[in-house]
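If you read the protein sequences in the order shown, they are chains A, B and C.
Using the working numbering, you'd call the opening residue of the first sequence number 7 and step up by one each time.
Using the working numbering, you'd call the opening residue of the second sequence number 530 and step up by one each time.
Using the working numbering, you'd call the opening residue of the third sequence number 533 and step up by one each time.
Glycine included, C-beta positions come from ideal geometry on N, C-alpha and C.
Nothing here was measured: the structure is a model prediction, and the numbers come from that model.
Presented below is the structure to which this report refers.
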Amino acid sequence: MLYIPGNNPAMIQQGGIYGADSILLDLEDAVALNQKDSARILVRNMLKTIDFYDTEVCVRINNLNTPFGLPDLEEIVPLQPSAIRYPKTEYPVEIVNLIRIIEKIEDKHHLPHNSMTIHAMIETAMGVQNVFEIASKFNRIDAITVGGQDLTSDMDIVYTPDGTGIDFARKRIVMAAKASHIDVLDTVFPDVNDDIGLRKETEYAKKIGFTGKAVINPRQIDIIHEVFTPTEEEIRKAYRIVKEFRTNSVAGIGVFAIDGKMIDAPVVHRAEYILNLANIELPPYPRSAP
Amino acid sequence: MGMNPKIAAQSGTFESSDVIFLIEPVPENSGRKIELFSTVLHQYGESFNKIVVEMLDRFGITDIHLIAKDKGALEPTIKARLETAIIRSLGRQDSTLV
Amino acid sequence: MLNSLGREIPPFIEGIGNLEPFQGALTKLRKGWMDEPTIPAPNKAYLPHQNKLCRSLEEAIAKCNPHNGMTVSFHHHLRNGDILLVKTISILHDIGIRDITLASSSLNECHDPILPFLYDGTISRIFSSGIRSQLGQAIAQGALSIPVVIQSHGGRVRGIHTGKTRIDLAVIAASAADIEGNATGAHGKSAFGSIGYAMIDARYAKQVVIVTDNLVNYPCVPLSISQNFIDHVVVVDSIGDATKIATGTTRITNSPMDLRIAKLAAEVIEHSGFFEPGFSFQVGAGGASLAVAKFIRDKMTAKGIKGSFLLGGITSYCVDMLNSGLFETIFDVQSFDAVVSNSLFSNRRHIEIPAALYANPFNCGCITNKLDVVVLGALEIDVDFNVNVITGSEGYIRGASGGHSDTASGAKLTVVVCPSFRGRIPIIKKRVHTVVTPGETIHVLVTERGVCVNPAFRTLEENLRKAGLNIKDIHDLEIEVDKITGVPSPLIYSPRIVGIVEYRDGTVIDVIHQIIE
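In structure tokens, the structure reads:
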């Protein structure tokens, strides 16, 4: 996910060209306090007019305990970006409140409640403590992300490149996401010139279960993709799953097993995701027997 | 029925693909004074002016001194920066265009 | 009369002569010989042990029969650090010479000081590959009554061979020279590497003056230019600003946009069918064009592919690839930084070539005839793939023909890289202001919003689609860009012609009209 400052038109208008899976238009930390209104209106206009091609667009609004959060929602929700990123989530009740406001706005504009999703950002110690409740309780939350910089600040520790200080937090957040069956994105790697460090951290993130990572410069995108691209083994498995599913579904068989493991819809979906990630053409549905 | 700018206001940045709008309030019935400086003045000056006039009409602004310093901003950016500057100049910082 | 691209070309221009309209990139080459006769080189004889040294540039010029209407030539290997062109023209002006034809291989911002000479009649004609800055603006606004002639590197050589450009005085800057005039740019405090553009001038100019700031013991080695062509030698304190001539190394761009375009271009090349062992390669000196070299290098290493030669304007990145064994040879017609000059001087496989060998096809074949892949930039490109590298969006002359049409004509795969718009101005147009390189020689356009393949090359398009690349119809991309930027108001021109653009075969591919502001 490529972070783009919300008050920077040059970067926003190019957001869709870098081949990022998703971009985050940031109204929060990347925007100065006296430019919050400016960024909000700019992002609103850009969402309306700019073609971001296949890239998913998320918007990070300000927390509702600031004067900016509510106006952000009022401008952005009607445009239904792919997701709203909510910063510094600490308690489930905040999300309850957030969803209530979002739904109210959606009702006003006759929009469904299940199209746009929410990413909860965990950036404080309290957020880390409460992360499972936050991740699991809400249908609209389909991802949680780590905010490493703010977290180290909240913990009163110093950021180190090896990430030791926030390692527990990372793993706990991942676990909550896994238990809730949602995506989990790792925090940004701030040194844009250190490709080796970026790769190392990304490999670690993948190893412990993250499904993606945030980047602050388009140059970092390639390395993230390389690390997260499925291995041959993963691809072979996925191909087999999708092929058998499609064969079975044409023959009218709904549920089946491969190697003793039940293959249901989410598993098939995951397999298709892996094949798409690896740019492999999905096996075709066979013609049904006459 | 709109109001005219009460306070001086500014929006935008000096970055490429952005535009700075400077608004100064003027005495009643002074009319609209619009000054446009742009790196693409010849190619887009006409459409730029059109956008400005349309938005001033929309807000019902009849008296204003508006200076624009453009570095090749796209239309959504021009409109956003202009809207922001107008709202700021009307003293309505917290709400946005309905 | 209309040329084959539909551009209106007058049959005759006062001060230039009859014009032949462009009729296709290879049309004139197909004949197997050039219709125009070539002129003989100057006829000279020297007694032994003569002294060629002059005490000053003024003295040397005085000895060269300065006269009204003379043609004076220069090379542009000193890039933006050159001081000699301005100095020479100023000297000629001061001794009362008028109506000069300036035949520089290119003109840069550092040449702006000659602008007053365009208005007062000192200079009346210009032949150049490129014109920039204030000169380019003034000419577009109508400063000269005779249109300038824009030539490619190969075309300039051809023009000198046929006497269309008859050089009376060639002033050749050299970073090292001896008292007989053997000269080079390969070493010295003002080293600039290859002196390839100047060799044709040395051969054909009636009078040749070598100017150096570094007189070495006889003989000056290497003999990039040899003494048998040199009339006079002048030693000056400095031939130019070394920091602007060739600094350190050339860095690959950091711009995310350029890198993105470069990455896509490298993928196009990889799947084009021309990325094979022994392929030859040419890239530009900066921006996305140079960055392609970085991605190609990674792919060469990954696939174990070794190339044959690198060609053109050479940067330190090319030298790296030579030294890493990824390519066997460099053919250098222009060196862009100090690393390149050093390599030229010390590596036998880094070969200095004259412009004639580089790009003039009117012989038994120049090196661009052998080129596999070239990556070029563009100021504009249209839906027929015609490329403009000479006039900007405001109508000023601000670029150069250079080796663009030469390399595009010869390469098996010509890739143009550019953003789809710059500073809100669309680069993809329905029709470019000025054609320099005809679309028939362009295979692929790579932008950040998609890749467009010239419909004349179906197999290439199939290969690229099969590889999963995002191929768009150029007409669709043009419309898409217009939607993003808005359609710009057109420029307003007068019917008056201020420049003609010659294709490398001497035909006229387009004209430049005076801009009305």
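> How far does the alpha helix (DSSP H) with C/G845 in it reach, from first residue to last?
Replying inline: Where C/G845 is concerned, there is no enclosing alpha helix (DSSP H), although the beta strand (DSSP E) it sits in stretches over G839 to I846.
> Quick one, which residues of the region 990–1008 of chain C are near chain A if we go by CB-CB under 7 Å, in chain order?
Replying inline: G1000
>> Short of 7 Å Cβ to Cβ, which residues in the region 963–983 of chain C face chain A?
In response: E980 and R981
>> Does any residue of chain B have a CB that is nearer than 8 Å to the CB of A/T72?
In response: no
> What's the call for C/G810, buried or exposed, on a 16-neighbour Cβ count within 10 Å?
Replying inline: So C/G810 counts as exposed.
> Out of curiosity, what's the CA-to-CA distance linking C/N583 and C/I960?
Replying inline: In a straight line, the C-alpha of C/N583 is about 57 Å away from that of C/I960.
>> If the cut-off is 9 Å on Cβ atoms, which residues from the region 813–838 of chain C count as contacting chain A, listed in chain order?
In response: none
> Under the three-state reduction of DSSP, which class applies to C/C752: helix, strand or coil?
Replying inline: coil
> Cα separation between B/I616 and A/E96?
Replying inline: 34 Å
> Looking only at DSSP bridge pairs, what is C/I1050 linked to?
Replying inline: Because chain C spans 533 through 1049 in this model, residue 1050 of chain C falls outside it and cannot be assessed.
> Using CA coordinates, which residue listed in C/T716, C/L1009, C/A635 and C/A702 is at the minimum distance from C/H685?
Replying inline: C/A635
> Based on Cα-Cα distance, which residue from C/V748, C/K776, C/S661 and C/R881 lies nearest to C/Y729?
Replying inline: C/Y729 has its Cα closest to that of C/S661, out of C/V748, C/K776, C/S661 and C/R881.
> Does DSSP put C/C984 in a helix, in a strand, or in coil?
Replying inline: strand
> Using a C-beta to C-beta distance shorter than 7 Å, which residues of chain C count as neighbours of A/I23?
Replying inline: R792, E980 and R981
>> Can you find the residues in the same chain that come closer than 8 Å, C-beta to C-beta, to A/I47, ignoring five residues on each side of it along the sequence?
In response: Non-local C-beta neighbours of A/I47 in its own chain, meaning closer than 8 Å and more than five positions away in sequence, comprise E81, ordered along the chain.
> By the criterion of Cβ-Cβ separation under 8 Å, what are the contact partners of A/P224 in chain C?
Replying inline: P788, L791 and R792
>> Is there a C-beta anywhere in chain B that falls below 8 Å from the one on A/Q19?
In response: yes
>> When you compare the CB of B/T568 with every CB in chain A, is at least one pair closer than 8 Å?
In response: It does not: the Cβ of B/T568 has no partner Cβ on chain A nearer than 8 Å.
> If you compare alpha carbons, which of B/D599, B/E604, B/L619 and B/K562 is closest to B/T568?
Replying inline: B/D599
> Under the three-state reduction of DSSP, which class applies to C/T923: helix, strand or coil?
Replying inline: strand
> chain A beta carbons: is any one of them nearer than 8 Å to that of B/A537?
Replying inline: no
>> For C/F877, report the span of its alpha helix (DSSP H) as first-last.
In response: Where C/F877 is concerned, the enclosing alpha helix (DSSP H) stretches over A870 to S878.
> A/M268 by DSSP, collapsed to three states: which one?
Replying inline: strand
> Quick one: what's A/M127 bridged to in DSSP?
Replying inline: A/T151
> If you measure from the beta carbon of A/D35 to each beta carbon in chain B, is any gap under 8 Å?
Replying inline: no
> Which ranges would you report for the beta strand (DSSP E) in the region 551–626 of chain B if only whole runs of at least 3 residues count?
Replying inline: 561–567 and 593–599
> Cα separation between B/A537 and C/G613?
Replying inline: 47 Å
>> Going by DSSP, what residue range makes up the beta strand (DSSP E) through C/V701?
In response: According to the sequence shown, residue 701 of chain C is Leu rather than Val. Judged by DSSP secondary structure, C/L701 falls within the beta strand (DSSP E) whose first and last residues are L701 to A706.
> Can you tell me the Cα-Cα spacing of A/I128 and B/T613, whole angstroms?
Replying inline: Straight-line spacing of the CA atoms in A/I128 and B/T613 works out to 31 Å.
> What residues from chain D crowd round A/A16, counting only those whose CB sits closer than 8 Å?
Replying inline: Here the protein chains are A, B and C, and chain D is not one of them.
> Helix, strand or coil for C/C850 per DSSP?
Replying inline: Here C/C850 sits in helix by DSSP.
> Between which two residues does the alpha helix (DSSP H) containing C/E860 stretch?
Replying inline: No alpha helix (DSSP H) contains C/E860, which is instead part of the beta strand (DSSP E) from F859 to S867.
> With C/F863 and C/I885 assumed to form a contact (beta carbons below 8 Å), what rounded beta-carbon distance in angstroms separates them?
Replying inline: Indeed, because the Cβ distance is near 5 Å, the residues count as touching under 8 Å.
>> Can you check whether the C-beta of A/N103 is within less than 8 Å of a C-beta belonging to chain B?
In response: Nearest CB-CB separation between A/N103 and chain B: not below the 8 Å threshold.
>> So with CB distances below 7 Å, who are the chain C contacts of A/N337?
In response: In the structure as shown, chain A starts at 7 and stops at 296, and residue 337 of chain A therefore has no counterpart that could be examined.
> Based on the DSSP secondary-structure assignment, which residues constitute the bridge partners of C/N550?
Replying inline: C/F544
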